[in-house]
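Colleague: First the structure, which I've put down as structure tokens, then a few questions once you've had a look.
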Amino acid sequence: MSLIKKPLKTRPVCKVTFTLPPAYGVEAEAVTLVGDFNEWSQESHPLKKGKSDGSFSITVDLPVNEKFQFRYLINGATWI
Numbered sequence: 348m349s350l351i352k353k354p355l356k357t358r359p360v361c362k363v364t365f366t367l368p369p370a371y372g373v374e375a376e377a378v379t380l381v382g383d384f385n386e387w388s389q390e391s392h393p394l395k396k397g398k399s400d401g402s403f404s405i406t407v408d409l410p411v412n413e414k415f416q417f418r419y420l421i422n423g424a425t426w427i
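Take the sequence shown: its position 76, counting from 1, is numbered 423 in my numbering, and each next residue is one higher.
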């Protein structure tokens, strides 16, 4: 699992890319990013599956200088 955080100069946000490697998503058909930044919604941030390596990822804008908790939900049933 990885996070890449890129602050924007024009707005007080960071573009954060969340990536779940294929080892975690071998049997995954759907992966969702769930956290306090989206009120723990299980539908609002689905990850896209990479065509080349099978990893899942999503990029979201989050406010700078704040801490967030999150988890991945695989196939609507398994939490990581």
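Glycine included, every Cβ here is placed at the ideal spot set by N, Cα and C.
All figures in this text were calculated on a predicted structure; none of them were measured in a lab.
Taking the alpha carbon of R358 as the point to measure from, which residue in R418, W426, N412 has its own alpha carbon closest?
Modeller: Looking at the Cα atoms, N412 is the closest of the given residues.
Colleague: Sort out for me which residues DSSP pairs T406 with in a bridge.
Modeller: Per DSSP, T364.
Colleague: Give me whichever residues DSSP pairs with R358 in a beta bridge.
Modeller: Paired residues: none, contrary to the question.
Colleague: Does the structure place the region 366-381 close enough to the region 400-410 that three or more beta carbon pairs sit under 8 Å?
Modeller: With the cut-off at 8 Å, the region 400-410 and the region 366-381 touch.
Colleague: Taking 7 Å as the cut-off, decide whether the C-beta atoms of N422 and E376 are in contact.
Modeller: The answer is yes: Cβ separation under 7 Å.
Colleague: I believe V360 touches D408 by the beta-carbon criterion, under 8 Å. Please report the beta-carbon distance rounded to the nearest angstrom.
Modeller: Sure, about 5 Å apart at Cβ, within 8 Å.
Colleague: Please report how far the alpha carbon of L394 lies from the alpha carbon of P410, in whole angstroms.
Modeller: Rounded to the nearest angstrom, the two C-alpha atoms are 20 Å apart.
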